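Have a look at the structure below, then the notes.
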Amino acid sequence: GQKADQLPGYRKITDPAARAHMAGVWGVPEDTIPGPGLPAVQLLKSLGQPDGVRCLLVHASNIAVASPDANAVIAGLRSLDFLVVCDFFMSETAAEADLILPVLQWAEEEGTLTNLEGRVLRRRRALQPPAGARSELWIMARLAEALEAPSTYSEDPETVFEELRLASAGGQADYSGIDYAMLDRGEAAYWPYPAGSTGTPRLFLDAFAHPGGKAVMTPVTPRRRRTPAANPDPAAKTMTLITGRLLEHYQSGAQTRRVSELLASQPEAKMQIHPAAAAGMGITEGSFVSVANERGEVVCRAELSTAIRPETVFLPFHFPELESANRLTEAATDPISGMPEFKFNKVWVRAAAAPQLQNHVPHMTEAS
Numbered sequence: 502g503q504k505a506d507q508l509p510g511y512r513k514i515t516d517p518a519a520r521a522h523m524a525g526v527w528g529v530p531e532d533t534i535p536g537p538g539l540p541a542v543q544l545l546k547s548l549g550q551p552d553g554v555r556c557l558l559v560h561a562s563n564i565a566v567a568s569p570d571a572n573a574v575i576a577g578l579r580s581l582d583f584l585v586v587c588d589f590f591m592s593e594t595a596a597e598a599d600l601i602l603p604v605l606q607w608a609e610e611e612g613t614l615t616n617l618e619g620r621v622l623r624r625r626r627a628l629q630p631p632a633g634a635r636s637e638l639w640i641m642a643r644l645a646e647a648l649e650a651p652s653t654y655s656e657d658p659e660t661v662f663e664e665l666r667l668a669s670a671g672g673q674a675d676y677s678g679i680d681y682a683m684l685d686r687g688e689a690a691y692w693p694y695p696a697g698s699t700g701t702p703r704l705f706l707d708a709f710a711h712p713g714g715k716a717v718m719t720p721v722t723p724r725r726r727r728t729p730a731a732n733p734d735p736a737a738k739t740m741t742l743i744t745g746r747l748l749e750h751y752q753s754g755a756q757t758r759r760v761s762e763l764l765a766s767q768p769e770a771k772m773q774i775h776p777a778a779a780a781g782m783g784i785t786e787g788s789f790v791s792v793a794n795e796r797g798e799v800v801c802r803a804e805l806s807t808a809i810r811p812e813t814v815f816l817p818f819h820f821p822e823l824e825s826a827n828r829l830t831e832a833a834t835d836p837i838s839g840m841p842e843f844k845f846n847k848v849w850v851r852a853a854a855a856p857q858l859q860n861h862v863p864h865m866t867e868a869s
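Here the sequence shown is numbered in my numbering, starting from 502 and rising by one per residue.
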């Protein structure tokens, strides 16, 4: 999963001192804290396998659209013994679930938010949630209770934040000097914020996060890539696929495809291709194209652009089903970061007929 090798405060889960600290905070024997879990891509590869994951709990993540090698991920989801999805919309992943738990969205719950610059913000409820929806803290507390977990799990956001202050104290991401009263006053609080300090608005201003404070330069040696499958279609041209984002949509599009103004601006996936490359294949603006490789196929309209290199094509990853760009991406990962290789995949591109079945685009009212 996400951060499966860490404990609170950016502590390594394999560090004996970190494990001892967390055992004390949680009031549990140290040997009940598990070791590192599988990174996200490796976890998804294990779905349904005899020695892999048999049951999965997904929190607000549309992995059926956003994950590399999406066809394999969907097959893995369907092979599970039991799949639970917690979300506030019926995403493509939720549609595969045995059980869907409707949860609060950000404007319906209390708590805090830490943004990418490390600032901790107080978030207050702006809307009353619909009947039956629950917070994810409530779900985790009930699950822990049912499993007879050895620690306590609160559903109160402030109580959980107090636990985070204790748990993160002394770690790289130290919240121990931040409290709700400070956040309620609107004070700017940036981690690390040890107790008694004034926080850290800018990290690494004086030193890097390495022993001695020096930068560590890591040499990168290109490895021989796996040879892609041979192009089986003489009418198709082998090109390099880059996937990415559009201004109008966010992540898998599960939310933004329900906003009528955004959907009207970008209602479907389009493959960007350089006019010079398109001309040689009989591809014109708005015509349908097939983008395929050994993992799957996408059929969508073409968009001619001189902003792209002639040997590459671009697909946004916000769309599902026949327009799902991640049908084509390989679940190869960087050995250190675990990041999938979304930006370099070989594909076979050709002109195509219009698909018989158009993508189903959920309407704004189709919420779980």
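Don't be surprised by glycine CBs; every beta carbon is placed ideally from N, CA and C.
Only a predicted model underlies this, so the values are computations on that prediction, with no experimental measurement involved.
Sequence-distant residues of its chain with Cβ nearer than 7 Å to residue i (five each side left out)
{"i": "Ser-547", "result": "Leu-539, Gly-553 and Val-554"}
{"i": "Ile-534", "result": "Arg-520, Met-523 and Ala-524"}
{"i": "Ser-511", "result": "Checking the displayed sequence, the identity of residue 511 turns out to be Tyr instead of Ser. Once the five neighbours on either side are set aside, the close Cβ partners of Tyr-511 are Gly-672, Gln-673 and Ala-674."}
{"i": "Ala-505", "result": "Pro-537, Gly-538, Leu-539 and Pro-540"}
{"i": "Gly-612", "result": "Arg-624 and Pro-658"}
{"i": "Gly-797", "result": "Asn-572, Arg-828 and Leu-829"}
Simplified DSSP assignment, three categories, for residue i
{"i": "Phe-589", "result": "coil"}
{"i": "Gln-507", "result": "strand"}
{"i": "Pro-720", "result": "coil"}
{"i": "Val-566", "result": "helix"}
{"i": "His-560", "result": "strand"}
{"i": "Pro-712", "result": "helix"}
{"i": "Ala-868", "result": "Annotation note: pLDDT 37 at Ala-868 (below 50); position unreliable, no value reported."}
{"i": "Lys-493", "result": "Beyond the ends of the chain as shown, which are 502 and 869, falls residue 493; an answer cannot be given."}
{"i": "Pro-704", "result": "The sequence shown places Leu at residue 704, rather than the Pro named in the question. The answer is coil: DSSP assigns Leu-704 none of H, G, I, E or B."}
{"i": "Gly-525", "result": "helix"}
{"i": "Thr-785", "result": "coil"}
{"i": "Asn-794", "result": "strand"}
{"i": "Thr-699", "result": "coil"}
{"i": "Arg-727", "result": "coil"}
{"i": "Ala-832", "result": "strand"}
{"i": "Glu-842", "result": "strand"}
{"i": "Ser-766", "result": "helix"}
{"i": "Leu-578", "result": "helix"}
{"i": "Asn-572", "result": "helix"}
{"i": "Asn-443", "result": "Because residue 443 is not part of the residues shown, which for the chain are 502 to 869, the question remains open."}
{"i": "Val-862", "result": "Legend: pLDDT at Val-862 = 46, less than 50; position of this residue unreliable, value from coordinates given subsequently. Reduced to three states, the DSSP call for Val-862 is coil."}
{"i": "Ser-753", "result": "coil"}
{"i": "Arg-759", "result": "helix"}
{"i": "Arg-594", "result": "Reading off the sequence shown, one finds Thr at residue 594, where the question assumed Arg. Residue state, collapsed to three classes: coil."}
{"i": "Asp-532", "result": "helix"}
{"i": "Ala-778", "result": "helix"}
{"i": "Ala-541", "result": "helix"}
Same chain, Cβ closer than 6 Å to residue i, five either side skipped, listed in chain order
{"i": "Ala-778", "result": "Pro-811"}
{"i": "Pro-776", "result": "Leu-805"}
{"i": "Leu-748", "result": "none"}
{"i": "Gly-787", "result": "Arg-802"}
{"i": "Ala-755", "result": "Asn-563, Phe-590 and Ser-592"}
{"i": "Arg-620", "result": "Tyr-691"}
{"i": "Ala-855", "result": "Phe-789"}
{"i": "Gly-714", "result": "Ala-708"}
{"i": "Pro-630", "result": "Leu-605 and Glu-609"}
Own chain residues within Cβ distance below 8 Å of residue i, not counting five before or after
{"i": "Met-840", "result": "Thr-834"}
{"i": "Val-848", "result": "Thr-739, Met-740, Thr-741, Leu-742, Val-792, Ala-793, Asn-794, Val-814 and Leu-829"}
{"i": "Gly-536", "result": "Ile-514 and Thr-515"}
{"i": "Ala-518", "result": "none"}
{"i": "Ala-868", "result": "Because Ala-868 sits at a pLDDT of 37, beneath the cut-off of 50, its placement in the model cannot be relied upon, and the following sentence gives the value as read from the coordinates. Result list for Ala-868: Phe-589, Phe-590, Met-591 and Arg-759, in chain order."}
{"i": "Thr-757", "result": "Glu-749, His-750, Tyr-751, Leu-763, Leu-764 and His-819"}
{"i": "Asp-657", "result": "Leu-638"}
{"i": "Glu-646", "result": "Tyr-654"}
Test: residue i CB closer than 7 Å to a CB of chain B
{"i": "Phe-843", "result": "Absent from the structure: chain B. Only one protein chain is present."}
Strand pairing of residue i, partner residues [DSSP]
{"i": "Phe-815", "result": "Ile-743 and Gln-773"}
{"i": "Arg-520", "result": "Looking at the DSSP assignment, Arg-520 forms no beta bridge with any residue, so it has no partner."}
{"i": "Ala-803", "result": "Met-772"}
{"i": "Ile-601", "result": "Val-586"}
{"i": "Trp-607", "result": "Answer is none; Trp-607 lacks a bridge partner."}
{"i": "Glu-822", "result": "BP columns for Glu-822 are empty, so no partner."}
{"i": "Lys-847", "result": "Thr-741"}
{"i": "Ala-852", "result": "Val-790"}
{"i": "Arg-512", "result": "Leu-508"}
Whole-angstrom C-beta distance between residue j and residue i, which should lie under 8 Å
{"i": "Ile-774", "j": "Ala-803", "result": "6 Å"}
{"i": "Ser-753", "j": "Ser-592", "result": "7 Å"}
{"i": "Leu-684", "j": "Arg-623", "result": "4 Å"}
{"i": "Trp-527", "j": "Ser-698", "result": "With 8 Å as the limit, Trp-527 and Ser-698 do not qualify as a contact, their Cβ atoms being about 25 Å apart."}
{"i": "Ala-696", "j": "Gly-678", "result": "4 Å"}
{"i": "Val-604", "j": "Asp-588", "result": "6 Å"}
{"i": "Leu-681", "j": "Glu-659", "result": "One point to set straight first is that residue 681 is Tyr, not Leu, in the sequence displayed. Their Cβ separation, rounded to whole angstroms, is 5 Å, which keeps Tyr-681 and Glu-659 in contact under 8 Å."}
{"i": "Asp-570", "j": "Leu-584", "result": "That pair is no contact at about 18 Å."}
{"i": "Glu-842", "j": "Glu-831", "result": "6 Å"}
{"i": "Ala-770", "j": "Leu-816", "result": "6 Å"}
{"i": "Val-586", "j": "Val-542", "result": "Not really, about 19 Å apart at Cβ, beyond 8 Å."}
Starting from the N-terminal side, write out each stretch of the beta strand (DSSP E) that is 3 residues or longer and does not extend beyond the segment 610 to 696.
-> 612 to 615 and 620 to 624
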